[in-house]
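Here full-length UniProt numbering is used: position 64 in the sequence shown is 64, and no number is missing along the way.
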Amino acid sequence: MVFRGPRRMGRPGLLGTVARTAVITGTARATSNAMNRRAANKDAEQQARIDEAAQQQYAEQQAAQQQAPPPPPPAPAGGDLVSRLQELAGLKEAGVLTDEEFAAAKAKLLGS
């Protein structure tokens, strides 16, 4: 018979406790890293969707601006301005406009 030393019963020895702690720590670290990678991937996917939506919205706005009709040309200033001033003078003479209202309307037409 070969003597193998005393057998311990009950709690594990120092090396057993160290080994168990190392296994638990390694498992916890691996789980934590996996969760962090999953969260980072989710964030990257969400940001990619947001970027894609923003690019699509920008493209739609650009297309809408290109399809918008050009603004109407400005009205001819010569004859129209004179007729509007004559109309204002007629309203003043008829007593519809006061001197202050006439002056304000005339300034507005002349752009001053």
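Note that CB positions come from ideal geometry on N, CA and C, so glycine has one too.
Whether residue i touches residue j by CB criterion (8 angstroms)
i	j	result
L85	K106	yes
L88	L97	yes
Neighbourhood of residue i by C-beta distance below 7 angstroms, restricted to the same chain and skipping five residues each side
i	result
F102	L88, K92
Close beta carbons around residue i, own chain, < 8 angstroms, minus the five adjacent residues each side
i	result
Q66	none
Contact set for residue i: own chain, Cβ-Cβ below 6 angstroms, skip 5 residues either direction
i	result
E100	none
Cβ-heavy atom distance, residue i to the ligand FAD, below 7 angstroms
i	result
D43	The ligand FAD is absent from the structure shown, which contains no ligands of any kind.
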